[in-house]
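Residue numbers (mature numbering (1 follows the signal peptide of the UniProt record, and there is no 0)): -18 to -1, 1 to 789. Everything on this sheet refers to the single structure shown next.
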């Protein structure tokens, strides 16, 4: 059995779908039909069961059709009642329906398209009866200068409206009857190739052409029409243009007129092209315009091409070229080159050496004053009172060269150079260029010792090899570490290889050490000359006098201490022994080879005395206070006369010179100076007077002995500079020394100062002078009184009166 739902679906589908619409009918009706009317066109497929309905004919809008169409209700034919004109209406859209009296559609609508078939019943027409045109002598052959227009109202696209144009006649026919050509389909009138070559010889300036237009295409039959074309020959105005100069940044109203072109022919359209593209335009009258300001730096020159064209964009003649040159103005600032890394110049480079060459750029026109750049050095400025400069700049080329002032190694100099356009005249632009210069070091300084004389240094002959003799210090004024490396060597004074040198490669300090044992008998002194040289090759002058230093070494003779024939002596002395009693004699163990001097050290009671040479010990006085059985011990000191006595320290030195000196100690007493333990080197300061008047002798690694070098030195307080060096350190000590006259015991004799209450020399002289003046006044008064008393006594004898002198 079929399911109920499937049966219902099959029944409902036909009812839900609308009735299929009849297909559209198309009917062709000839235009201007000359037969009988009505003319039956087509039978419509009406339903048979619809006879009770009414056939309704309407237009495409649904309104009842009014016109030449009707329906035959009996036959169901569509008919037309009169002739149709395609030019009036080319097609009709109709619809047919079968309806009831109340307007209910039983069938339809049936669409019917009636097309009116065209027939060649229209004559072509020119748009003008007479055409007038101007033809320039420069017009190219084959380029249309006039387009004839004609129309045919027959159906477009059919042979009935397919028009062809022809030239029927040319008046005059000279110099050639075929001066012109007419394009048949488009009606484009142009100069023929023969006419182009003959046009220059043409005497006439006007030609009259009779032209024809015919339909039906290239068929012989067809309708036709004629028109007249008057062609006027004009002289050519399409002449070359002179170049135009336009100022950049021109302040005018834009667009700004700059030139004009003119095509003497008719129907012209001007077209402008710019190479490269630029702000230019042309209007219909051929006026050329610039539409905005120009920038020469963006584009200095333009090539414009102006074309005269017909309505199809074809050139009548070759385009005119117009050169537009943009005139420069000074609107650009000189641009300095990018700042490069510092330029290195070796010191001692000769004047005129080129450091660098500046090349500032100006975007203005090359070769013009606007881009003519000159240079001026701004910094460093010349120093006051100094002639010349360290650098010079060539104003034209920008070459920076060295001047006459020398440069120091290690200098970093920033040069400021002014770049000016307009050749530096007023009104131009300028920029400041920077050039960084670094003066590099060369090995032009030879190393030198800070002290050329060291010593004398005293060394005992039994000092062990390896002992530090002296520390020498050399300096090098160069800056480059590689140029400051030094090499030391003993140049002379050490043929036996007794001394040696050691130093650090990057240090200026060299140590003179003892390599072999000293011998007083072989050489009591040594003068060792140490030379210092630069490891790198020296540039410039050779080493100076400070490249060597002399170290004077004095060898101290070492004698074994004296020995006595016995270690202790004993003697029995009676208590009653008188002064001068011989107790014993002290003798050396080798009395022949050595001479001794004897002295008592601790004779506290003063009972004994000893002969210095013989060694005999005597009683110096009676032994008061001694008791029998007492023991009295005395120490005896024996000194070898061949040994140099040790220096005797003193707080003052005597003049005339005596065998005394002052001990100078190292910096161990000064915590600020002491940076380590000895040995230290001692030298006098560089003052020539000090080195002449004084002598400094090294005692050991921590002390030196200062004595007078001259027999007489002015008695006063002296400040003696002593240079002390230790490893890499060096400092100066100021030693205060009092030089004075001394008595026989070596004691300083001081001047006695002024005692209070005692008259000074000035006061004594004043008192003496005052006393003499008082005595003189007193004597004058006595003699005056005596003279006056003699004049008052008349009885005075004649011989008692003094005689007057005769003249």
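Even glycine gets a Cβ: it sits at the ideal position worked out from N, Cα and C.
query                                                                                                                                                                                : result
Span of the alpha helix (DSSP H) holding residue 180?                                                                                                                                : 175 to 180
Does the separation of the CB atoms of residue 665 and residue 705 fall below 8 Å?                                                                                                   : yes
Measuring alpha carbon to alpha carbon, tell me which of 200, 282, 213, 169 ends up nearest residue 187.                                                                             : 213
Tell me, which residues are paired with residue 269 by DSSP?                                                                                                                         : 242
Kindly provide the ranges of any beta strand (DSSP E) runs that are 3 or more residues long and lie completely inside the segment 532 to 571, ordered along the chain.               : 564 to 567
On the CB-based measure, 16 or more other CB atoms within 10 Å of its CB, does residue 480 come out buried or exposed?                                                               : buried
Curious, which full-length beta strand (DSSP E) runs of at least 3 residues does the segment 110 to 136 contain?                                                                     : 112 to 118, 126 to 129
Taking Cβ to Cβ, would you say residue 430 is nearer than 8 Å to residue 475?                                                                                                        : no
Any idea what DSSP makes of residue 622, helix, strand or coil?                                                                                                                      : strand
Report all residues from its chain with a CB closer than 6 Å to the CB of residue 720; omit the five preceding and five following residues, and keep chain order.                    : 634, 699
Starting from residue 675, follow the alpha helix (DSSP H) in both directions and report where the run begins and ends.                                                              : 670 to 675
Taking only the alpha-carbon atoms, compute the straight-line gap between residue 156 and residue 175 and give it to the nearest angstrom.                                           : 15 Å
Do three or more CB pairs link the segment 322 to 333 to the segment 408 to 428 at distances below 8 Å?                                                                              : yes
On a Cα-Cα basis, can you pick out the residue from 496, 502, 619, 198 that is closest to residue 550?                                                                               : 619
Could you tell me how far apart the beta carbons of residue 317 and residue 413 are, in whole angstroms, since I believe they sit closer than 8 Å?                                   : 7 Å
What residue from 236, 540, 189, 593 has the CA that sits closest to residue 276's CA?                                                                                               : 236
One question on the structure: do residue 232 and residue 171 come within less than 8 Å of each other, judged by their Cβ atoms?                                                     : no
Just how far apart, CA to CA, sit residue 364 and residue 472?                                                                                                                       : 48 Å
If contact is defined by three or more beta carbon pairs under 8 Å, each pair taking one atom from either stretch, is the segment 286 to 306 in contact with the segment 117 to 127? : yes
Report the partner residues of residue 51 according to the DSSP bridge assignment.                                                                                                   : 62
Is residue 540 near residue 437, with beta carbons less than 8 Å apart?                                                                                                              : no
Return the CA-CA distance between residue 274 and residue 249, expressed in angstroms with no decimal places.                                                                        : 30 Å
Comparing alpha-carbon positions, which option in 230, 177, 284 lies nearest residue 159?                                                                                            : 177
Indicate the three-state DSSP secondary structure (helix, strand or coil) for residue 37 in the structure shown.                                                                     : strand
Can you tell me whether residue 757 is buried or exposed? The criterion is at least 16 other CB atoms within 10 Å of its CB, across all chains shown.                                : exposed
Which of helix, strand or coil does DSSP assign to residue 183?                                                                                                                      : helix
Looking at residue 703 and residue 688, is the spacing between their C-beta atoms short of 8 Å?                                                                                      : no
Spatial neighbours of residue 692 within its chain, please: C-beta separation below 6 Å, excluding the five flanking residues on both sides.                                         : 675
For residue 661 and residue 337, I'd like the C-alpha separation in whole angstroms.                                                                                                 : 52 Å
Please state whether the Cβ-Cβ distance between residue 13 and residue 66 is less than 8 Å.                                                                                          : yes
Less than 8 Å between the beta carbons of residue 385 and residue 371, yes or no?                                                                                                    : yes
For residue 295, which option in 417, 125, 441 has the closest C-alpha, if you only look at C-alpha atoms?                                                                           : 125
Roughly how many angstroms separate the alpha carbons of residue 111 and residue 209, rounded to a whole number?                                                                     : 5 Å
Quick one: give me the first and last residue of the beta strand (DSSP E) that residue 500 is part of.                                                                               : No beta strand (DSSP E) holds residue 500; DSSP gives it neither H nor E.
If you compare alpha carbons, which of 50, 28, 132 is closest to residue 88?                                                                                                         : 28
Who are the Cβ neighbours of residue 511 in its own chain at under 6 Å, not counting the five residues just before and after it?                                                     : 473, 474, 475, 530, 532
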